[in-house]
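Asker: Protein chains in written order, with our numbering: chain A, -18 to 174; chain B, 17 to 263.
Attaching a single structure in structure tokens format; questions to follow.
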Amino acid sequence: MQEYTTQEILKGISENNRVVVQFIYDRYFKDIIKFIEKYGGSYDDATDIFQDGIIVIYEQMKNGEAKKIENFKAYFFQICKYKWFNMIRDGRYGEITSVEMEEILPSFEYNVLTEKLSDILEKERRVKIYFNSFMKLNSMCQKMVRLMAHGWSVEDIASEMNFSVIYTYRKRQNCLNKLIELVEKSLKMNQNF
Amino acid sequence: MKEYNRTILIDKYITGKLEDTELWEFKLDMENDAELKKEVQLRKEIYNTISNSEKIELLKTIQNINTKKERRTLKINIYSRQVQAIAASIIILISIGTGILTNQVGSDLNSELYTEYCIDEGSLITTRSDKPVDNSAVVDGIKLYDSQEYEKALALLEANPDNVTARLYSGLAYMKLEMFNKAVDQFNYILNHNDNIFIDQAEWNLGLSYLASDKTNKASEIFAKIAAEDGAYSNRASEIIKKLENN
């Protein structure tokens, strides 16, 4: 497996380099699963945490806050642990002893990180819900909603998709309603996280 | 406010297309209608997420990696021939009943092939051409394309409809935005004006655009032509044809 430096990994994330993302997955995901399962989580939880970790770093790269990251592995695990800590602190995944909590809580630059991290993670929690809901739409609805989000008029959407304007009006409304319904349902289910 | 007007007005407000009186009235409506305000806020957040193409692509990449891993795990678990035979029979019966299997698999395969073979060549194309682009708007458009600001890039590139380089980058930008019909128009323009150096790239990306928009027959025709020409993309085109045939 090709090795990457911290800076190469960070650059790869910010540029959505599939090879680098795959490398992060191949190299670190199994340790994340091991950690999450140890503290009551599942494979799916680990998948979510992995995604959150990457997205947080992507956001920090975009905001210029990732310059101080010197060791990708340590930093990435810190974020994943922090996110997991937030999910299990209310006891829904079983009782966690204070000794275990000590182990879960990231210590390195903890105070500096937590405030910013919780803001990003809360924002990303919603972003993930929007994205996952969007991905549940069929490809036609996805395209229609994406064009709407980019500010295309109904007439332009109709022309791009080879539909009549009347059909497009109706369809866009259906797609949007479906998306909002999915989002609201997920927000309700996730409101305590 | 009727449902239809409400939706359109919210869209226009979010995308900055309400002006003067209309904008003022809408803001007033929001002040007096907490539900409307909430709806606008939610829709704005959703649109911001969806229109952030770069982040959406990253999320798709992560999801893709996870999905592939799950598929691999499933393959390992279902090792028994008997289990495979039973599963195959069930799938065939379901597919005969519904008639959807071919389309769905075709669509999934197309999407997988597109993801696998669509490699961003970006500025490599202009470097490779050895011919400097002398139009500053086009140069700026290419820079915006390279920094993944596809819509801003398109605004500059499309203002130069006679420039073949601008056409090529417009096509690539439309592919990034998954607006494949528009991408096809750009690549066809280049192919119809065949006195240029971008024929190979245009043909290859035209094939990929057809593939991504599930026009598999058209895509196959293009890839067969590329494979027969012995050009830069012929090996990759042959691979795609084989994968489509083996499906």
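Ideal Cβ positions, reconstructed from N, Cα and C, are used throughout, including at glycine.
Small disclaimer: the values here were computed from a predicted structure and weren't measured.
Check the Cβ of M195/B against every Cβ in chain A and list those closer than 8 Å, keeping chain order.
Answerer: Your numbering for residue 195/B matches position 179 in the second sequence. The contacting residues are K124, L128, E141.
Asker: Within the same chain, show all residues whose beta-carbon is closer than 6 Å to that of A169/B, passing over the 5 residues directly before and after it, in chain order.
Answerer: As a first step, residue 169/B must be located in the second sequence, where it is residue number 153. Closer than 6 Å at the Cβ level, and outside the excluded window around A169/B, lie G157, L160, Y161, A189.
Asker: Would you say K188/A and Y9/A are within 9 Å of each other, going by their C-beta atoms?
Answerer: In the structure displayed, chain A extends from -18 to 174; residue 188/A sits before or after that span and is not available.
Asker: Between the beta-carbon of I138/A and the beta-carbon of M125/A, is there less than 9 Å?
Answerer: Mapped onto the first sequence, residue 138/A falls at position 157. Mapped onto the first sequence, residue 125/A falls at position 144. Closer than 9 Å, so yes.
Asker: In angstroms, rounded to a whole number, what distance separates the CA positions of D146/B and I215/B?
Answerer: On the second sequence, residue 146/B is found 130 positions in, with the first residue counted as 1. On the second sequence, residue 215/B is found 199 positions in, with the first residue counted as 1. For D146/B, the predicted model reports a pLDDT of 45, less than 50, meaning its position is unreliable and no value from the coordinates is stated.
Asker: Below 7 Å on C-beta distance, what does G132/A contact in chain B?
Answerer: Walking along the first sequence from the start, residue 132/A turns up at place 151. Near G132/A (Cβ distances below 7 Å), the residues of chain B are T31, K33.
Asker: Please report how far the alpha carbon of F16/A lies from the alpha carbon of T37/B, in whole angstroms.
Answerer: In the first sequence, the residue the question calls residue 16/A occupies position 35. In the second sequence, the residue the question calls residue 37/B occupies position 21. In a straight line, the C-alpha of F16/A is about 57 Å away from that of T37/B.
Asker: For L207/B, name the three-state secondary structure that DSSP assigns.
Answerer: As a position in the second sequence, residue 207/B is number 191, starting the count at 1. Reduced to three states, the DSSP call for L207/B is helix.
Asker: Can you give me the Cβ contacts of Y56/A inside the same chain, cut-off strictly under 7 Å, excluding the 5 residues immediately before and after it?
Answerer: If you number the first sequence from 1, residue 56/A lands on position 75. Closer than 7 Å at Cβ, skipping near neighbours: I50.
Asker: Can you find a CB in chain B that lies within less than 9 Å of the CB of I101/A?
Answerer: As a position in the first sequence, residue 101/A is number 120, starting the count at 1. No, I101/A does not count as interfacial toward chain B.
Asker: Kindly indicate if chain A contains any beta-carbon less than 9 Å away from that of S225/B.
Answerer: Residue 225/B sits at position 209 when you count from the first residue of the second sequence. No, no contact with chain A.
Asker: So is F53/A in contact with chain B if we call contact Cβ pairs under 9 Å?
Answerer: For the purposes of this step, residue 53/A is taken as residue 72 along the first sequence, with counting starting at 1. Cβ-Cβ to chain B under 9 Å: no for F53/A.
Asker: Suppose the cutoff is 6 Å on Cβ atoms and the five residues either side in sequence are ignored; what does the same chain contact list for L125/B look like?
Answerer: Position 109 of the second sequence holds residue 125/B. Excluding sequence neighbours, L125/B sits near N263.
Asker: By the three-class DSSP mapping on this structure, what secondary structure does F133/A have?
Answerer: The sequence position of residue 133/A within the first sequence is 152, counting from 1. Correcting the residue type first, residue 133/A is Trp in the shown sequence and not Phe. Residue state, collapsed to three classes: coil.
Asker: State buried or exposed for Y148/A, treating a residue as buried only when at least 16 other CB atoms are found within 10 Å of its CB.
Answerer: Locating residue 148/A in the first sequence gives position 167, where the first residue counts as 1. Y148/A comes out exposed.
Asker: Identify whether N48/B lies in helix, strand or coil by the three-state DSSP scheme.
Answerer: Translated into the one-based positions of the second sequence, residue 48/B becomes position 32. Here N48/B sits in helix by DSSP.
Asker: How far does the alpha helix (DSSP H) with I238/B in it extend, from its first residue to its last?
Answerer: The residue you call residue 238/B lines up with position 222 of the second sequence. Run containing I238/B: 232 to 245, per the alpha helix (DSSP H) assignment.
Asker: Round the Cβ separation of A153/B and N176/B to the nearest angstrom and send it over; I've been treating them as touching at under 8 Å.
Answerer: Residue mapping note: residue 153/B aligns to position 137 of the second sequence, counting from 1. Residue mapping note: residue 176/B aligns to position 160 of the second sequence, counting from 1. Contact flag correct, Cβ pair sits at about 6 Å.
Asker: Could you give the DSSP three-state label for S23/A: helix, strand or coil?
Answerer: If you number the first sequence from 1, residue 23/A lands on position 42. Coil.
Asker: Report the residues of the segment 165 to 193 of chain B with a CB closer than 8 Å to any CB of chain A, ordered along the chain.
Answerer: Answer set for the segment 165 to 193 of chain B: E167, L193.
Asker: When we look at the beta-carbon of I135/B and count the other beta-carbons within 10 Å, is it buried (16 or more) or exposed?
Answerer: As a first step, residue 135/B is located in the second sequence; it is residue number 119 there, counting from the start. Answer is exposed; the Cβ neighbour count stays below 16.
Asker: Using a Cβ-Cβ cut-off of 6 Å (strictly less than) and excluding sequence neighbours within five positions of V37/A, which residues of its own chain qualify?
Answerer: The residue given as residue 37/A occupies position 56 in the first sequence. For V37/A, where only same-chain residues beyond five positions count, the Cβ hits under 6 Å are I60, I101.
Asker: Going by CA-CA distance only, name the one from E18/A, K43/A, M170/A that's closest to W65/A.
Answerer: Indexing the first sequence from 1 puts residue 65/A at position 84. Checking every option, the nearest Cα to that of W65/A belongs to E18/A.
Asker: At a Cβ threshold of 9 Å, is K234/B touching chain A?
Answerer: Here residue 234/B is taken as the residue at index 218 of the second sequence, counted from 1. No, because no Cβ of chain A sits closer than 9 Å to the Cβ of K234/B.
Asker: Under three-state DSSP, which class holds F144/A?
Answerer: In the first sequence, the residue the question calls residue 144/A occupies position 163. If DSSP states are grouped into helix, strand and coil, F144/A belongs with coil.
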